Amino acid sequence: MSKKTILALIALILVVGVMAAVFVLTRPDTQKGAKEIVVVVNHADGSSVPFVYHTDEEYLGALLLSEKLIEGYEGQFGFVIEKVDGEAATWDNGVWWAFYLNEVKPENLAVVAVSEQVIKDGDLFIFNYEKF
Amino acid sequence: MKNSKVGITVREIALFGVLGALTFAAKLVMGWLPNIEPASLMVMLFAVTFGKKCIYPIAVYIAMEFLVYGFGIWNVYYLYVWAILALASYLLRQQRSPLSWALLSGGFGLMFGALCAIADVFIGGVGYAASKWVTGIPFDLLHCGGNFVIALLLFKPLRELMEKLYQRI
């Protein structure tokens, strides 16, 4: 085993450690207890329907599934949404349900699946029917 | 007789088509394992065996992914991440140690999220790209581990096999 290979192995292990630490330290804490959140669904016909929930759930996916607002399946990276408020949008017909935090802007696209999205009191989530 | 550096023979067309399709099929079979895939191994093998002609089987693999899974943001990532791995593999092609290749493959898996974040910067800005990368770290760690083990075990025997086979066509 050459010296360069050993150094590369050490570097890989260090980077793994740093990345794991970054993930653990930046994870948002979950919040238990009664929380009020708003979920807005922007349908294909332009209508906008708000849903207000009072919940103790820690993750949005669990809440919306129990409220039957969303339907879909468990994918490799979390829950994949196929229907919101009864309206279907699957990737294979050129449309999808984009999931935003607070406002419909590209930089506000959620970075986790709905099943991994932490809920905090006062949060606003938006499902926007979009073409791509 | 092989043509110039990027022109290809009929036999190579067939070979690259089959290899690209095999890569896709192998990934499909392993699809139930989160972020554990054989594509990284195959891309590295293509680069060290075929040199610049590795773009052909890689392009076949990417095309099959696009055709089967449709279009989305991830298409943009695929347009450059595999090219980066292929280039790195080509530059290191003189390496023979299985551990070296396992380190390259593992490192690529670890950095996959960061590489995708490059495109995310243009999609949603730096904050969006950084958040998405950080939340995807567990998947990158799995990707690193899976790639490392697969390359450590399979790169050397598959490289020898592919080089022998390629010399015969």
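These protein sequence lines are chains A and B, in that order. When the count follows this note's numbering, it moves up by one through the first sequence with no breaks and lands on 311 for the last residue. When the count follows this note's numbering, it moves up by one through the second sequence with no breaks and lands on 1232 for the last residue. From the three backbone atoms N, C-alpha and C, an ideal C-beta is built for every residue, glycine too. These numbers were taken from a predicted model, which means no experiment stands behind them.
Residue i in three-state terms, based on DSSP
{"i": "B:Gly1209", "result": "helix"}
{"i": "A:Ile260", "result": "strand"}
{"i": "B:Ala1102", "result": "helix"}
{"i": "B:Ala1110", "result": "helix"}
{"i": "B:Ala1192", "result": "helix"}
{"i": "B:Glu1226", "result": "helix"}
{"i": "A:Ala267", "result": "strand"}
{"i": "A:Leu244", "result": "helix"}
{"i": "A:Leu288", "result": "strand"}
Continuous alpha helix (DSSP H) stretch holding residue i: start and end
{"i": "A:Thr205", "result": "182–205"}
{"i": "A:Tyr252", "result": "No alpha helix (DSSP H) contains A:Tyr252, which is instead part of the beta strand (DSSP E) from 249–254."}
{"i": "A:Leu145", "result": "What the structure shows of chain A is the stretch from 180 to 311, and residue 145 of chain A is not part of that stretch, so it cannot be assessed."}
{"i": "A:Val231", "result": "A:Val231 -> not in any alpha helix (DSSP H); beta strand (DSSP E) instead, spanning 227–234."}
{"i": "A:Ile298", "result": "Counting along the chain, A:Ile298 falls outside any alpha helix (DSSP H), and DSSP gives it neither H nor E."}
{"i": "B:Ile1076", "result": "1073–1092"}
Whole-Å CB distance - residue i paired with residue j, under 8 Å assumed
{"i": "B:Phe1171", "j": "B:Leu1148", "result": "5 Å"}
{"i": "B:Leu1104", "j": "A:Val195", "result": "Rounded, the Cβ-Cβ distance is 19 Å, inconsistent with contact."}
{"i": "B:Thr1112", "j": "B:Tyr1229", "result": "6 Å"}
{"i": "A:Pro285", "j": "B:Ile1186", "result": "6 Å"}
{"i": "B:Pro1101", "j": "B:Ile1213", "result": "6 Å"}
{"i": "A:Ile216", "j": "A:Ile298", "result": "6 Å"}
{"i": "A:Tyr308", "j": "A:Val274", "result": "6 Å"}
{"i": "B:Ile1099", "j": "B:Met1093", "result": "6 Å"}
{"i": "B:Leu1167", "j": "B:Ala1151", "result": "6 Å"}
Beta strand (DSSP E) segment containing residue i, residue limits
{"i": "A:Trp276", "result": "274–280"}
{"i": "A:Asn221", "result": "214–221"}
Alpha-carbon to alpha-carbon, residue j and residue i
{"i": "B:Lys1139", "j": "B:Leu1224", "result": "Position check: residue 1139 of chain B holds Val in this sequence, whereas Lys was assumed. Computed Cα separation, rounded: 32 Å."}
{"i": "A:Leu280", "j": "A:Leu288", "result": "6 Å"}
{"i": "B:Gly1176", "j": "B:Trp1196", "result": "5 Å"}
{"i": "B:Arg1159", "j": "B:Val1081", "result": "26 Å"}
{"i": "B:Gly1188", "j": "B:Thr1072", "result": "44 Å"}
{"i": "B:Lys1116", "j": "B:Gly1199", "result": "32 Å"}
{"i": "A:Val293", "j": "A:Phe256", "result": "10 Å"}
{"i": "B:Phe1109", "j": "A:Lys262", "result": "41 Å"}
{"i": "A:Asp208", "j": "A:Glu266", "result": "32 Å"}
{"i": "B:Pro1120", "j": "B:Leu1078", "result": "8 Å"}
{"i": "B:Met1064", "j": "B:Ile1125", "result": "Below a pLDDT of 50, predicted positions are generally treated as unreliable, and B:Met1064, at 47, falls in that range; the measurement from the model is reported next regardless. Each residue's alpha carbon lies about 28 Å from the other."}
{"i": "B:Phe1134", "j": "B:Gly1169", "result": "27 Å"}
{"i": "A:Glu282", "j": "A:Lys182", "result": "52 Å"}
{"i": "B:Trp1095", "j": "B:Gly1209", "result": "13 Å"}
{"i": "A:Glu246", "j": "B:Tyr1143", "result": "41 Å"}
Residues that residue i contacts on chain E, provided the C-beta gap is smaller than 8 Å
{"i": "A:Gln255", "result": "Among the protein chains of the structure shown, namely A and B, there is no chain E."}
At what residue ranges does the segment 1120–1184 of chain B contain a whole run of the beta strand (DSSP E), taking only runs of 3 or more? none
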